[in-house]
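Sequential numbering from 7 applies to the sequence shown in the working numbering.
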Amino acid sequence: MPRLGSIGGPRDLDALSVEELEDLAQEIRDFLIENVSRTGGHLGPNLGVVELTLAMHRVFDSPNDPMIFDTGHQSYVHKLLTGRQDFSRLRSRGGLAGYPQRSESPHDVVESSHASSSLSWADGVSRALTRTGRKDRHVVAVVGDGSLTGGMTWEALNNISDENDRNLVIIVNDNGRSYAPTIGGMARYLNRVRTAETYRHLHEGSATLFGRLGPAARAVYRGVRGGTHGFLSRFTNNAALYSNLDIKYLGPVDGHDIGVMIETLELAKSYGAPVIVHAITEKGRGYQPALDDEADQFHAVGKIDPLTGAAVGGAGSVGWGDVFAEELLAIGEEREDVVGITAAMLRPTGLLPFAQRFPDRVYDVGIAEQHAVASAAGLAFGGLHPVVAIYATFMNRAFDQVMMDVALHRAGVTFVLDRAGVTGPDGPSHHGIWDLAMLQIVPHIRIAVPRDEARLREELREAVAVADAPTVVRFPKGSVGADLPAVERLSDGVDVLAQSEAKDVLLVGIGPMAHLAVDVAGRLRAQGIGATVVDPRWVVPVQPSIVELAASHRLVITIEDGIRVGGVGTRVRQVLREAGVDTAVDELGLPDEFIDHATREQILEDAGLTAAKIAQDVVSQVLGTRIPKARPEGSDVSSVDDWESTPPRP
7 MPRLGSIGGP RDLDALSVEE LEDLAQEIRD FLIENVSRTG GHLGPNLGVV ELTLAMHRVF
67 DSPNDPMIFD TGHQSYVHKL LTGRQDFSRL RSRGGLAGYP QRSESPHDVV ESSHASSSLS
127 WADGVSRALT RTGRKDRHVV AVVGDGSLTG GMTWEALNNI SDENDRNLVI IVNDNGRSYA
187 PTIGGMARYL NRVRTAETYR HLHEGSATLF GRLGPAARAV YRGVRGGTHG FLSRFTNNAA
247 LYSNLDIKYL GPVDGHDIGV MIETLELAKS YGAPVIVHAI TEKGRGYQPA LDDEADQFHA
307 VGKIDPLTGA AVGGAGSVGW GDVFAEELLA IGEEREDVVG ITAAMLRPTG LLPFAQRFPD
367 RVYDVGIAEQ HAVASAAGLA FGGLHPVVAI YATFMNRAFD QVMMDVALHR AGVTFVLDRA
427 GVTGPDGPSH HGIWDLAMLQ IVPHIRIAVP RDEARLREEL REAVAVADAP TVVRFPKGSV
487 GADLPAVERL SDGVDVLAQS EAKDVLLVGI GPMAHLAVDV AGRLRAQGIG ATVVDPRWVV
547 PVQPSIVELA ASHRLVITIE DGIRVGGVGT RVRQVLREAG VDTAVDELGL PDEFIDHATR
607 EQILEDAGLT AAKIAQDVVS QVLGTRIPKA RPEGSDVSSV DDWESTPPRP
């Protein structure tokens, strides 16, 4: 009989037998496949943690025992068991978030979906509980789906092992994968454990033997495993992995055997010290289309046919990442010095075709963006030109390396940032809205923002031609729109997209926002206001022609899909002031806030980044009823003859 609907909270699991929990596990899998196929989301990871999550909530008492997921995309089952079973608007405005979210439930602790941070959180929370006398509470951290490849995990383990009087349980969800198969020496080590014949035979034999002898023998079995760091693991040499950390180790255990998981977690709970539980799981478990997907086992899907797993709708559209992948491959054919670097995201960032064609010229470093960037500096020193492909939001993690390892050493490294700007359904930690403000303060950096397919291709080539400074090419999530040809390209590479005889307003459209700027210009012309639209192509440094055009117009409007604070508009305004140009600048962009999940269109509308709203405001500024006001028509224009520009575009 159906049971999921009767689960209003974790304690409703207490009355269920192991067999009933197994039935519930199957029901949860069916629910996930049916619902996530309608909305899109992280399907494969959640199919792999069903039994593990059931066992966690059976043994521990959330939220009294805080549960921290790393990474947060594997928390769907946790949501179901904590009273959130309406998945009809998953990752849509007003619906459930795709990651833990405190506003949804007290059971959610850490909202960020950036990997490898959970153990640092768990370290801090468990220290605080111990220090404040709440030693009856446990902290549970779920690490896995690639997060073990991140350096923060090992920094945290080093510190956790320094104090052994805390109730901290670390569950290693070992499915051998991140987006794709996990890489690195650690991954190879754990993979040998997963596949070792000795482990399989010993596990099956010991479980059968002790199972026949009744409860007393099973208790001895569990005690021996814990007391010796797991005698099964000793036969596979896995205990050596953690022996020097002074943390108790249990496993490996079958993460899909609810009974075994419950017993192991009960044992871990009883120790009163940090414990690692190593659970072997299967990403995409129970759903054949996911298991057959060798690339990422349906890590994240759009809308799909639940029976076949085939994508529904959207066929034929070309994505920004597809264009990048194709052009980089062409560049690679021409230049042997160009190499690729990814942080466990070979396929999502578009490096897979390059890796298939040049397998010895792509380096997947795991979820370790800081290492990726510092390593790129070394590759550049050695005579190569690295192309580091990272989601814009994850670039935040490697800022120090961009500044001190790449830029300080004038290394020729190209950063290609996918998912820049508003990404929509993945929420606050996945929006790539900080990169322009963050990266433009790096000395010598050059930042390109293509508006369409043709510009992405040419700006990528211009970027990899720079050998003495970091370059950035950033583009949004989703499909590439129609090409937007220029009516004129100026001598410094700035594209003029629209112009009129009257020089009332200069609209500076950053990348894809150039399409919006052209729309605004048309609306202004209908109001009798002349507008010039330009796409700088290279937004940092600010090109001389932008200054000259600003001096000849009454008002400058910059439009970008990054935060306004410290954005491109801010830089344009500062450069104009340095040049003695007093034309008013209105910098349009996104607020410096954490933006919840919604569609890109909804978020841009909230920020006032629509053609109708911008045109309405500009009309008011030209009429002088809104600040900043346009310069009076016919007034003197400041001279820029003596202004020396920043270095021109590459």
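We put the beta carbon where it would ideally sit given N, CA and C, even for glycine.
CB valine 419 to CB valine 455, shorter than 9 Å? no
Can you tell me which of the three DSSP states tryptophan 127 falls into? helix
Specify the secondary structure class of alanine 222 as computed by DSSP and reduced to three states. For alanine 222, the pLDDT reaches just 40, beneath the cut-off of 50, and the residue's location in the model is therefore unreliable, leaving the point undetermined.
Short Cβ contact (9 Å threshold) for leucine 442 with valine 545: yes
Looking only at its chain, what residues have a beta carbon closer than 8 Å to the beta carbon of arginine 9, apart from the 5 residues adjacent to it on each side? Leu22, Glu26, Asp29, Leu30, Glu33
Helix, strand or coil for lysine 254? Go by DSSP, reduced to three states. strand
Between the alpha carbons of aspartate 343 and alanine 378, how many angstroms are there, rounded? 17 Å
Identify whether valine 412 lies in helix, strand or coil by the three-state DSSP scheme. helix
Using the Cα positions of alanine 374 and alanine 349, report the straight-line distance between them to the nearest angstrom. 6 Å
Select from Val539, Gly573, Arg543, Ile569 the residue whose C-alpha is nearest the C-alpha of histidine 559. Val539
Member of Val591, Arg606, Leu86 whose CA lies at the smallest distance from the CA of proline 634: Val591
Buried/exposed call for threonine 589, threshold 16 Cβ in 10 Å: buried
By DSSP, does arginine 531 sit in helix, in strand, or in coil? helix
Limits of the alpha helix (DSSP H) - the one that threonine 159 falls within: 157 to 166
Span of the beta strand (DSSP E) around arginine 117: Reading off the sequence shown, one finds glutamate at residue 117, where the question assumed arginine. Taken as a continuous stretch (DSSP letters only), glutamate 117 belongs to no beta strand (DSSP E), as it is neither H nor E.
Distance between beta carbons of valine 145 and proline 72, contact taken as under 8 Å: 5 Å
Verify whether the separation of the beta carbon atoms of leucine 102 and arginine 108 is less than 9 Å. no
Cα-Cα, which of Ala471, Gly427, Met519 is closest to proline 482? Gly427
Please name the residue in His603, Glu607, Arg606, Asp541 whose C-alpha comes closest to that of glycine 575. Asp541
Is leucine 629 buried or exposed, if buried means 16 or more other CB atoms sit within 10 Å of its CB? exposed
Relative to the alpha-carbon of valine 478, which residue among Ala604, Glu465, Ser485 has its alpha-carbon at the smallest distance? Glu465
Using a Cβ-Cβ cut-off of 8 Å (strictly less than) and excluding sequence neighbours within five positions of asparagine 179, which residues of its own chain qualify? Gly54, Val55, Leu58, Gln80, Val148, Val149, Gly150, Asp151, Gly261, Ala285, Thr287
Cβ-based burial, glycine 534 [other Cβ within 10 Å; buried from 16]: exposed
Going straight from the alpha carbon of glycine 430 to that of glycine 325, what length do you get? 16 Å
Complete runs of the alpha helix (DSSP H) confined to the segment 548 to 616 [at least 4 residues]: 550 to 557, 574 to 584, 606 to 612
Closer than 8 Å is the cut-off here; do at least three beta carbon pairs connect the segment 152 to 166 with the segment 120 to 130? yes
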